[in-house]
Amino acid sequence: MAITPVPVPDSYALAQVSLGLLGGIARRQRKSMRHNA
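Sequential numbering of the sequence shown, starting at 1, is according to the numbering used here.
Below, the structure written as structure tokens:
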């Protein structure tokens with residue numbers, strides 16, 4: 001792989017952040033869907 005390996009804590013933090021963002025987007029979409037329906 002050309003990319004250098006990322007330290008475990010960094011990759012874990014990044015995963016937590018991305019999961020949080022995805023969760024927030026999903027919640028927003030669900031709210032708007034419920035509101036429109």
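Where a beta carbon is used, it is the ideal one built from N, C-alpha and C, also for glycine. Values in this document were obtained by computation on a predicted structure and should not be read as measured data.
- The C-alpha of residue 30 lies about 10 Å from the C-alpha of residue 23.
- For the pair residue 26 and residue 33, the Cα-to-Cα distance works out to about 10 Å.
- Per DSSP, reduced to three states, the secondary structure at residue 5 is coil, with no helix or strand assignment.
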